[in-house]
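*Asks:* First, the structure itself, so that you have it in front of you.
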Amino acid sequence: MKNRSRWALWGILGAVGILAAVLIAVWGIPQQQALPDDALLVPRDVASLQDALARVSPGGTIALQASADPIEGPIVVDVPEITIVGVGGKATLIGMGADPAIVLRSDGVTIRNLSIRAASIGLSIASNDCTVEDLRVESQRVGIQLTGAARSALRSIEIEGGTLGVEVIDSRSTSIEDLTVTGASDYGIRLHGSWNSVLRAIRLSESSVGLSLESASTGNQIQAGSITACSIAAVEVRGSNDTRIEDLAILRSRIGIVLDSVTGTLIQGCTIQDTSSSGIFLQRAIQNRVLETVIKTGQGTGIHLTQSTENNLSYNDVADCLDAGISLIGGSRNLLMGNEIKDCLIGVRMERSTQARVLRNYVSKSGSCGILVSQGDDSRFLDNTVSECSFGVILSETQGNTLLRNTATGAEKAGMLLIGTKGDNALSDNQMSGCTWGLAVAGASRDIITHNQMTGNDVGLLLADLGSTVRIEGNTLSQNGIGLLHQTMPTSLAHDLASLGIVMSQRSVAEIPILTNNIFADNSEWDISNDAAVELMAAGNWWGEPSVRDATDGSISERVSLQYSAWSGTIAVGSGSDAVSMLLGRILQLALAAEGFRVVDLVGMGSTNLVRQALLDADVDLIWWSGVDDRLAVLADEIPSIVLPTSAIEGWRLVVSSSLAAQLDEPSISGLAAWYGRTGETLRYTTVSEFDDESFEALMAAYGLTDSVKSLTQAEALEEVEALLKFGAVDAVIVGSLEETLTLSGFLAIDDDLLVLEQSPISMVVQQAIVEENAQVRHILEVLGDRLTSDVLHNLMSRIRSLRKDVGVVAREFLQQEPGNGD
């Protein structure tokens, strides 16, 4: 009995196995994918696919036998939620003429296991929620085209040849997974005006452009895959924002990824190799991120940015590029952080780029230069390491840059080089070792070099053909061949720089630097060697150790004076803490420092009374003073001082809305009073809190406007006062004449024709002894006094408030302008 049961069981299992084999052979599907009972089999049940489409109900299934003759298109699917599947292998569909081989016009259609050959378009989808799986397409023009479709899903697709593999037009939420496109001449995939698509595990090769996102295709994601052998670019994103490109491998293309006129793009975890132009190219790109991406063996630049702003390039690995690893041309406020750049011609190149932040990057073995900055302003270079490069860091024709806590080692030529700079570059706490020249400064002006360490170099610090007021303070020069070498421009250095396109014009007369509080120790040949014709002044430095001023043990060449300093003198500059006083104080500080004065900075020290008392106590030598003449005369009588006036006046002005101004017969407060007398309409006034009630009442009474006051609001912040007028919440405001920005926005300041509002002339007050000791001070201040008019100060304050610029930056820009040009 048991044997009989066992034989019966084996018989059943054998029958099932035979049935499964038959199903696989005949139907092309395993048993678990058996067709529904009501499926229409072509050609068994119906003769053609067109007949099946005419009979099938919504939600039904049409099975196409692969063994049958190819089906000729065009086929139009207009029955919703049906499935068309090839069985026994891929059923073949042939499209002739200009029409697509098959068009999906109804929603929810599924196409599976087909092979399409088409003269024009293989598959066209113009409906929603369609799924295409296990499809092979050979097309002379477009493999698959989606137009106005939503939530389409393409999986396990192979497309070969043609002009364009997959084209997605005005469609949304498309999912493309496991797609292979080979040899599409123009584009592998092209998204045009389409959004929120996800492309995963794509493989594109041998196209002009592998993947193109254009015409406001926003919010799309590319996740994993590979793109190879593209003659223009592997990926192009143009005018399309918020794209994510992750874990994509790109090989042997002209450009890896192009971002043009985009924002919000993320490129992360990608690998780009063997490009002939650039690994990643950003143009007119704003606020994009390139993170943790590997770029290697490029014939051009690794990452290239031009005219791009506020982009983040962080933690990338760039190597073996025949041009720059990272290149910034123009643009501003870009961040380079934590990148590793190795074996490139230039590690980081920046031209005409401003306000960049270059932080904690590691650059090594650059053939020409580790970091090259030319004609760029106000950038920050912090905590970078540059090693084994020809030049470590070069700043050429730059101004206002900061180099802090950087390390340059093993440079064949200079660890760091300032060449032809324009001023206000600051080098502090940097380390330079094992170089021919630790730091070279040639043709520079008004730069500040403080607290750096130059050790173990052939020459610690090279100075050549300097401009005015280069300050070298608090540095350590130890264990070099020569600690400091002063000479004319070395021919070898000029030749090396010429190969980088840097040519420095020769100075007819070189200036000497301000050299003080530096430590010279254990330099084998000379602590200071002067090979130039002009005498070098080196009083006030330390020799051997920080506590020893005695230069007995120092090794000093001829034409070096240890008795005199290059400082023009020391001046303490003070100002109030309000915005106008801060600006004026910074202008004084920078103007005097540029002429070689050591400036004690007491700018923004406090109230007007505190500044006045500091001058009386001789704690400051020079202050700004805003006040009426009799108060100034009293101040001048109390101390031996000299008053140098400007033509600028600080006071109050009444500003009205443009609609009210249009109703006045004349643009004056008397005109406002006449308007009130004529109309009887009351007004809403606002003032800043510094303009007290007593002053307001006096103004109203003087013009007969007391009864015109509908309301009076006092605000602490000037921004609040201006906002109330701009939003129409009030009709007239009283604001400071130099700080307000309303008149730059179309509002009208009406004349105080009765001269009721206080107007205070602005002057400089300087200790008499300072002027007597140095006539140059008086000349500097008189030149400033001529330039600083009310209009100039108002313009400078508007840059600070409207453009949110730093006070020091605006002061520097003012001083750099030629007198009369933009003042």
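The sequence shown runs -11 to 811 under the working numbering. The beta carbon of each residue, even a glycine, is placed where N, CA and C say it ideally should be.
1. Does the Cβ-Cβ distance between S724 and W640 come in under 8 Å?
2. What runs of the beta strand (DSSP E), each 3 residues or longer, lie entirely inside the segment 66 to 105?
3. For the segment 267 to 314, list the beta strand (DSSP E) runs that are entirely contained and at least 3 residues long, ordered along the chain.
4. Could you tell me the distance, in whole angstroms, from the CA atom of E801 to the CA atom of S367?
5. Which residues does DSSP pair with R124 in a beta bridge?
6. Among the residues of its own chain, which have a CB less than 7 Å from the CB of T694, if the five just before and after it don't count?
7. Check whether the segment 210 to 223 and the segment 191 to 198 are in contact - that is, three or more C-beta pairs closer than 8 Å.
8. In chain order, what residues of the same chain have a beta carbon less than 6 Å from the beta carbon of E165, not counting five sequence neighbours either side?
9. Where DSSP assigns a beta bridge to W183, which residues make up the other side?
10. Measure how close the beta-carbons of L152 and R124 come, nearest whole angstrom, since I'm counting them as under 8 Å.
11. Check whether the Cβ atoms of V67 and A51 sit closer than 8 Å, and answer yes or no.
12. Whose C-alpha, out of R792, V795, R574, A567, is nearest the C-alpha of L726?
13. Do you know whose CA, among A560, R787, A221, V697, lies nearest V660's CA?
14. Determine the contact status of D365 and N389, defining contact as a CB-CB distance below 8 Å.
15. Tell me the DSSP secondary structure of M785 in three-state form.
16. Excluding the five sequence neighbours on either side, which residues of its own chain have a C-beta within less than 6 Å of the C-beta of V282, listed in chain order?
17. With R100 and T80 assumed to form a contact (beta carbons below 8 Å), what rounded beta-carbon distance in angstroms separates them?
18. Taking the Cβ atom as the reference point for each residue, do S296 and N322 lie within a distance shorter than 8 Å?
19. Is I516 close to chain B? Criterion is C-beta to C-beta, closer than 8 Å.
20. Less than 8 Å between the beta carbons of A312 and L333, yes or no?
21. Taking all protein chains shown into account, decide if H818 is buried (16 or more other Cβ within 10 angstroms of its Cβ) or exposed.
22. Between the segment 544 to 555 and the segment 511 to 529, do at least 3 Cβ pairs fall closer than 8 Å?
23. Roughly how many angstroms lie between the CA atoms of T135 and T729, to the nearest whole one?
24. In the DSSP assignment, find the unbroken beta strand (DSSP E) run with T438 in it and report its ends.
25. Could you pull the DSSP bridge partners for M404 from this structure?
26. Would you check if the distance between the CB atom of G288 and the CB atom of L310 is smaller than 8 Å?
27. Express the C-alpha separation of K78 and N276 in angstroms, rounding to a whole number.
28. If contacts are defined as beta-carbon pairs under 8 Å, then E298 and I329 qualify, I think. What distance do you get, rounded to the angstrom?
29. Would you report the Cα separation of S173 and I132, rounded to the nearest angstrom?
30. Tell me, to the nearest whole angstrom, how far the beta carbon of Q651 is from that of T675; I am working on the premise that it is less than 8 Å.
31. From S748 to S635, what distance separates their C-alpha atoms?
32. Could you check if R43 is buried or exposed, using at least 16 other CB atoms within 10 Å of its CB as the buried criterion?
33. So what's Y552 in DSSP terms, helix, strand or just coil?
34. Starting from the C-beta of T777, find all residues in its chain whose C-beta is less than 8 Å away, skip the five residues before and the five after it, and write them out in chain order.
35. For V561 and D609, I'd like the C-alpha separation in whole angstroms.
36. Please list the segments of the beta strand (DSSP E) lying wholly inside the segment 459 to 499, counting only runs of 3 or more residues, in order along the chain.
*Replies:* This is what the structure holds:
1. Per the sequence shown, the amino acid found at residue 724 is Gly instead of Ser. At the C-beta level, G724 and W640 come within 8 Å of one another.
2. Runs of the beta strand (DSSP E) spanning 3 or more residues and lying entirely within the segment 66 to 105 occur at 71 to 75, 79 to 83, 90 to 92, in chain order.
3. With a minimum length of 3 residues, the continuous beta strand (DSSP E) runs that stay inside the segment 267 to 314 are 277 to 279, 282 to 284, 289 to 294, 300 to 302, 305 to 307.
4. As the crow flies, the alpha-carbon of E801 is around 15 Å from that of S367.
5. DSSP, once it has assigned bridges, lists S103, E146 as partnering R124.
6. Taken in chain order, the residues that qualify are M688.
7. Three or more Cβ pairs drawn from the segment 210 to 223 and the segment 191 to 198 lie within less than 8 Å of each other, which places the two stretches in contact.
8. If we look at E165 and ignore the five residues flanking it on each side, its Cβ neighbours are R143, R188, A189.
9. W183 pairs with R160.
10. Actually they do not touch by this definition, with Cβ atoms about 16 Å apart.
11. Not closer than 8 Å, so no.
12. Of all alpha-carbon atoms in R792, V795, R574, A567, the one lying nearest the alpha-carbon of L726 is that of A567.
13. The amino acid occupying residue 660 in the given sequence is Leu; Val does not appear at that position. Here the closest residue by C-alpha is V697.
14. Yes, these two residues count as a Cβ contact at 8 Å.
15. M785: helix per DSSP, three-state reduction.
16. Once the five neighbours on either side are set aside, the close Cβ partners of V282 are T259, D305.
17. With 8 Å as the limit, R100 and T80 do not qualify as a contact, their Cβ atoms being about 14 Å apart.
18. S296 is a Cβ neighbour of N322, given a cutoff of 8 Å.
19. In the structure shown, chain B does not exist; there is a single protein chain.
20. It is a contact, given that the beta carbons lie within the stated cut-off.
21. Look at the range of the chain in this structure, -11 to 811, and you will see that residue 818 is not part of it.
22. Three or more Cβ pairs closer than 8 Å define a contact, and the segment 544 to 555 meets that threshold against the segment 511 to 529.
23. Looking at the two C-alpha atoms, the distance is approximately 51 Å.
24. DSSP places T438 inside the beta strand (DSSP E), whose first and last residues are 436 to 438.
25. Beta-bridge annotation (DSSP): M404 is paired with V381, L427.
26. Yes; because the gap between Cβ atoms is below 8 Å, this pair is in contact.
27. Computed Cα separation, rounded: 44 Å.
28. Between I329 and E298 the Cβ distance is about 21 Å, and since that is not below 8 Å, they are no contact.
29. Cα to Cα, the separation comes out at about 15 Å.
30. No, Q651 and T675 are not in contact; Cβ-Cβ is about 22 Å, not under 8 Å.
31. The straight-line gap from Cα to Cα measures roughly 11 Å.
32. The residue is exposed, with fewer than 16 neighbouring Cβ atoms inside 10 Å.
33. The answer is coil: DSSP assigns Y552 none of H, G, I, E or B.
34. Counting only Cβ-Cβ distances below 8 Å, and skipping sequence neighbours, we find T634, S635, A636, D811.
35. Distance between the alpha carbons of V561 and D609: 6 Å.
36. As far as the segment 459 to 499 is concerned, its whole beta strand (DSSP E) runs of at least 3 residues are 459 to 461, 464 to 466, 470 to 475.
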